[in-house]
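Colleague: Protein chains in written order, with the working numbering: chain A, 1 to 766; chain B, 1001 to 1267. Backbone N, C-alpha and C define an ideal beta-carbon position, used for all residues, glycine too. Nothing here was measured: the structure is a model prediction, and the numbers come from that model.
(1) Thinking residue 331(A) and residue 608(A) are a contact (beta carbons under 8 Å), I'd like their distance in whole angstroms, please.
(2) Between residue 534(A) and chain B, is there a C-beta pair that is closer than 8 Å?
(3) Return the residue from the list 288(A), 65(A), 466(A) and 706(A) that minimises the CA-CA distance to residue 230(A).
(4) Taking a cut of 7 Å between CB atoms, which residues from the stretch 107-120 of chain A lie near chain B?
(5) How would you write the range of the alpha helix (DSSP H) that residue 26(A) sits in, first residue to last?
(6) So which residues on chain B does residue 518(A) lean against when the C-beta distance must stay under 8 Å?
(7) Just the Cα atoms here: how many angstroms apart are residue 408(A) and residue 646(A)?
(8) Taking just the CA atoms, how far does residue 100(A) sit from residue 1100(B)?
(9) Would you tell me roughly how many angstroms separate the C-alpha atoms of residue 1220(B) and residue 522(A), rounded to the nearest one?
(10) With distances taken from CA atoms, which of 419(A), 413(A), 404(A) and 451(A) is nearest residue 427(A)?
(11) Could you please tell me which residues of the stretch 1242-1258 of chain B, in chain order, have their CB closer than 9 Å to any CB of chain A?
(12) May I have the straight-line CA-CA distance separating residue 1049(B) from residue 96(A), to the nearest angstrom?
(13) Which residue wins for smallest C-alpha separation from residue 350(A), given the options 622(A), 323(A) and 725(A)?
(14) With a Cβ-Cβ cutoff of 8 Å, do residue 411(A) and residue 649(A) count as a contact?
(15) Determine the direct distance from the alpha carbon of residue 282(A) to that of residue 317(A), and round the result to whole angstroms.
(16) Since residue 520(A) sits in a beta bridge, which residues does DSSP pair it with?
(17) Which stretch, first to last residue, makes up the alpha helix (DSSP H) that contains residue 551(A)?
(18) Do you know whose CA, among 581(A), 610(A) and 571(A), lies nearest residue 588(A)'s CA?
(19) What are the partner residues of residue 195(A), as DSSP defines its beta bridges?
(20) Per the DSSP calculation, residue 1211(B) is bridged to which residue(s)?
(21) Helix or strand or just coil, what does DSSP make of residue 1171(B)?
(22) Ignoring anything shorter than 4 residues or poking outside the stretch 94-131 of chain A, list the alpha helix (DSSP H) runs there in chain order.
(23) Which residues in chain A sit within 9 Å of residue 1183(B), going by Cβ to Cβ distance?
(24) Which chain A residues are close to residue 1176(B), counting only those with a beta carbon under 7 Å from its beta carbon?
(25) Please compile the residues from chain A whose C-beta is within a distance smaller than 8 Å of the C-beta of residue 1081(B).
(26) Could you list the residues in the stretch 1130-1142 of chain B with a C-beta less than 7 Å from some C-beta on chain A, going in chain order?
(27) Give a yes or no on whether 8 Å exceeds the smallest Cβ distance from residue 1169(B) to chain A.
(28) Report all residues from its chain with a CB closer than 6 Å to the CB of residue 37(A); omit the five preceding and five following residues, and keep chain order.
(29) Thinking C-alpha only, which one of 502(A), 510(A), 558(A) and 509(A) is nearest residue 488(A)?
(30) In whole angstroms, give me the CA-to-CA distance for residue 1052(B) and residue 164(A).
(31) Which class does residue 462(A) belong to by DSSP, given the choice of helix, strand or coil?
(32) Report the neighbours of residue 1095(B) on chain A: residues whose CB is nearer than 7 Å to its CB, in chain order.
(33) Taking only beta-carbon atoms, is residue 1309(B) less than 8 Å away from chain A?
(34) Spatial neighbours of residue 395(A) within its chain, please: CB distance less than 7 Å, with the 5 preceding and 5 following residues excluded, ordered by chain position.
(35) With 8 Å set as the bound, which would you pick, yes or no: does the beta-carbon of residue 1204(B) sit closer than that to a beta-carbon of chain A?
(36) According to the neighbour-count rule (16 or more other Cβ atoms, all chains shown, within 10 Å of its Cβ), is residue 3(A) buried or exposed?
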């Protein structure tokens, strides 16, 4: 089969290329059908209970995702000029498409509960019209500070910051809206600083910028890889082949993904970036081998046959192990990660197949004349060759030192692994200098927070949420949550009842308390509706049937770790202080959903990494038909994974979604060099039957191929380090570290081990 | 004088005068007549009101109250007294309005659980009435002089001939930017009203669902407000309507808030 395939490629290059081009064209034709989905909520199964409950909560209380606009002015934002600007900005924002005008929370839109003339209770807009004087602005400030429902939320206590919360029809329009809002604040803003923040915006903007980044990173990586290959092999026609293989693999994988009706999610948008290096790796080995032996064979077809023969088994296994790494992602409970794993795996198989066919076919089309000066001459002593010499000397003379150092690294890494902090926050997918990050910091410093979680109280009958027991319990839970640093404010139906009562009794602070009886609570709320209060404002906190209530828990920090600690605090309180009979309490909100999928991600990834580790180990034992060789081959991989993740632990970089997904790539790629090294060392030893000769030769051929690979991939993805999106920087750094670390370990530790055990590992063949 | 004017208009219309020549003045007087027929029928009125507030999701909340009305001057000052029966946890709450055109209305509420009478503000006429899709203004009427009215044409609603009148507030008003009323030519009662917002989107739609003649007064007994913008609607049903009961003005004083007049209010 192998032979037939190679012979066909050599004899009928045009047919092979034509078929490949046709298939590629077919898959490329699927691209216009692309459906993009950037909602992190889809990280959870669509029937995941957390997600369903969140959706039900939004429906029950007519809640929307929102964009938060922050206005920061020194020394105070409470001047007539500034408030009038905010007023006009809010008016303009109200006219934008997709804004839920009635639910906008802004100084000029919210109602205040206060005393009117003659001891009446008035519920009326806080700032109904533009104002004339700074005194009026100060009065508005005082009103906000005197209203627990508004304080901290729409204005900061220091009076320097004002917030406008803009509910929107769908998260998907938040990026577009933020740009329109930016235009409004630019033209009407004056001297104050304007910030636009919020989780939905971060999530949606990430999607928008992600595709831009992809459009830059993938071609940039291709270009750099192409340049490096050209530098190594000096023959443009030869190095076109790996590029063609990489592009075709990407198109086939993405085309099939779209054809099968999958959406392109944040994860799957990274497929090209993952496939390019993996598919280039095989080609580099083939070209290296071709390059090293062309001078010897002098004939293209003979050289090709030799190269493929030499590389077929290691390439099959390096591809199979990488496939194992990615296909294991199909076991995770996260749908986009499953799709990602399956289609990367598919792309790797395609790349393997195309490497074996396209590379020879393209090589056959190059005239012998062009190749006249191609290939290595024996007199040549390039930089690579010198580097490999020093590696050889080092591992020959100091093999004990290398092995000892490896032990130390493993121990140090084991400690670092325990220091890994699991954390994620979509806002932090942007660099610190990104406006979304700056807005996040500025707004959460001044105000009660841009992250909204909900604690939903469910009673077993209508009217349950008017019971004084429920109100008292809610009040205590609020007090408990308020102690958490991350909680900027909590607001519930209780606060409204207390505020009405307080104003009803002429601002008597002793009356800022929960009524004793259910009718009194009901009548306070009735008074709210009678006094001009908008019933829809109530129904953000309680259902019209009063069977469910919603406690808003506003957070300043959206890090999953910080959100988790608040959730835990609340849950613990609920566990230790049982709610009134018939009442259950559950969490909802985007930050809560994020911690939920992170939990699933972490355990899912751990299981998938563990299972693929075992699968790869078994494959190695089969490949080398030796448990010992299998064990040794796993060392570079183990040390690379440990070293990289320990590094993450030591520098305190949070273990987030990209870091989690990259574990399978690390596993799949770091085994490759070991496979090439061991397999080809053994093949060579069979031929030479001389350990020293073999040891010498392995650094020449395989060693140089590996170092070319290291450089091509490591350098090729350096442009990603300059991305504005943190996950891209992470991916770029991983490619770099995987290549460098696994390359070093393979070229130092494996030779050292073979030196140490040469007698038993390489028995002379009789 | 007013009657004369109305008669003149009617006569002019009957003579088949074309639409274009019907001036703004005519539209305004139709609206005034309509206002009188709808809000000032007889000298006083008593009714049991059933209000069903249905949310966007189809959940229903019910309010039941007795309502007393006394006109102090035709088309002018008017007093309302409302005694709530349901929901049961607000039973015995009473609410009183002294409506006076031109100046602000006065409103009081009695909160039985704490035995307290409080004035409540009446600044915002556009706010919801007891959490329904009707506003205070829908309940007690918006003075016809606050809007500019134009007769847009004539139509048929069912088998009734109606005037179609467009009203635009003279001063910017948050309640609506434009209102189209369909006024029954025969009874002058509004059969339909459409409220449009600034962007000219239909926000709310009023329809007269049932009309009866009670004690000689044509009365809309089932009124529906469809909240197009927010979803949901409110249906108000007037039961046991009686007119000209001879209500005394002193019923509409704070004293009666705590002790409602039992002769007019059944439980």
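Modeller: Put simply:
(1) Translated into positions along the first chain, residue 331(A) becomes position 331. Translated into positions along the first chain, residue 608(A) becomes position 608. Correct: roughly 5 Å between the Cβ atoms.
(2) On the first chain, position 534 is the one that residue 534(A) refers to. Interface residue, yes.
(3) If you number the first chain from 1, residue 230(A) lands on position 230. By alpha-carbon distance to residue 230(A), the top candidate from 288(A), 65(A), 466(A) and 706(A) is 288(A).
(4) Across the stretch 107-120 of chain A, CB contacts with chain B closer than 7 Å involve 116, 118, 119 and 120, in sequence order along the chain.
(5) Counting from one through the first chain, the residue named residue 26(A) turns up at place 26. Note, residue 26(A): alpha helix (DSSP H), 13-28.
(6) Position 518 of the first chain, counting from 1, holds the residue named residue 518(A). Simply 1089.
(7) Your numbering for residue 408(A) matches position 408 in the first chain. Your numbering for residue 646(A) matches position 646 in the first chain. As the crow flies, the alpha-carbon of residue 408(A) is around 13 Å from that of residue 646(A).
(8) Residue numbering aside, residue 1100(B) sits at position 100 when the second chain is read from its first letter. Residue numbering aside, residue 100(A) sits at position 100 when the first chain is read from its first letter. Per the coordinates, the alpha-carbon of residue 1100(B) lies some 35 Å from the alpha-carbon of residue 100(A).
(9) Along the second chain, read from residue 1 onward, the residue named residue 1220(B) stands at position 220. Along the first chain, read from residue 1 onward, the residue named residue 522(A) stands at position 522. In a straight line, the C-alpha of residue 1220(B) is about 31 Å away from that of residue 522(A).
(10) Residue mapping note: residue 427(A) aligns to position 427 of the first chain, counting from 1. Cα-wise, what sits closest to residue 427(A) is 451(A).
(11) Those residues of the stretch 1242-1258 of chain B that come within reach of chain A (Cβ to Cβ, closer than 9 Å) do not exist; the list is empty.
(12) Start at 1 with the first residue of the second chain, and residue 1049(B) comes out as number 49. Start at 1 with the first residue of the first chain, and residue 96(A) comes out as number 96. Taking the straight line joining both Cα atoms gives about 40 Å.
(13) To locate residue 350(A), count along the first chain from 1; it is residue 350. Closest option to residue 350(A), Cα to Cα, is 323(A).
(14) Against the first chain, residue 411(A) aligns to sequence position 411. Against the first chain, residue 649(A) aligns to sequence position 649. Not in contact: residue 411(A) and residue 649(A) (Cβ atoms no closer than 8 Å).
(15) Within the first chain, residue 317(A) is the residue found at index 317, counting from 1. Within the first chain, residue 282(A) is the residue found at index 282, counting from 1. Cα to Cα, the separation comes out at about 11 Å.
(16) The count along the first chain starts at 1 and reaches residue 520(A) at position 520. Note: residue 520(A) sits in no beta bridge, so no partner.
(17) Reading the first chain from its first residue, position 551 is the one you call residue 551(A). Residue 551(A) -> not in any alpha helix (DSSP H); beta strand (DSSP E) instead, spanning 548-555.
(18) Numbered from its first residue, the first chain carries residue 588(A) at position 588. Taking only the C-alpha atoms, the option nearest residue 588(A) is 571(A).
(19) Mapped onto the first chain, residue 195(A) falls at position 195. Note: residue 195(A) sits in a beta bridge opposite 70(A).
(20) Locating residue 1211(B) in the second chain gives position 211, counting from the first residue. Answer is 1220(B), bridged to residue 1211(B).
(21) For the purposes of this step, residue 1171(B) is taken as the residue at position 171 of the second chain. In the three-state reduction of the DSSP assignment, residue 1171(B) falls in the coil class.
(22) Fully enclosed alpha helix (DSSP H) runs of 4 or longer: not present.
(23) Translated into the one-based positions of the second chain, residue 1183(B) becomes position 183. Neighbourhood of residue 1183(B) in chain A, by CB distance below 9 Å: empty, with the nearest CB roughly 29 Å away.
(24) Position 176 of the second chain, counted from the start, is the residue given in the question as residue 1176(B). Contacts between residue 1176(B) and chain A, judged by CB atoms closer than 7 Å, are missing: the closest CB pair is about 15 Å apart.
(25) Counting from 1 along the second chain, the entry for residue 1081(B) is found at position 81. Neighbours of residue 1081(B) on chain A: none; closest Cβ ~14 Å, over 8 Å.
(26) So the list reads 1130 and 1131, given in the order they occur along the chain.
(27) As a working mapping, residue 1169(B) is identified with position 169 in the second chain. No, its Cβ sits nowhere closer than 8 Å to a Cβ of chain A.
(28) Position 37 of the first chain, counting from 1, holds the residue named residue 37(A). Here residue 37(A) has 263 and 265 as same chain residues with Cβ atoms under 6 Å from its own Cβ, once five neighbours each way along the sequence are excluded.
(29) As a working note, residue 488(A) is residue 488 in the first chain. The candidate whose alpha carbon is nearest that of residue 488(A) is 558(A).
(30) If you number the second chain from 1, residue 1052(B) lands on position 52. If you number the first chain from 1, residue 164(A) lands on position 164. Each residue's Cα considered, the two are about 34 Å apart.
(31) Numbered from its first residue, the first chain carries residue 462(A) at position 462. Coil.
(32) On the second chain, position 95 is the one that residue 1095(B) refers to. Neighbours of residue 1095(B) on chain A, chain order: 530.
(33) Residue numbering for chain B in the displayed model covers 1001 to 1267; residue 1309(B) lies beyond these limits and cannot be assessed.
(34) On the first chain, position 395 is the one that residue 395(A) refers to. Here the set comprises 402, 748, 751, 752 and 755.
(35) The count along the second chain starts at 1 and reaches residue 1204(B) at position 204. No, its Cβ sits nowhere closer than 8 Å to a Cβ of chain A.
(36) Translated into the one-based positions of the first chain, residue 3(A) becomes position 3. Exposed.
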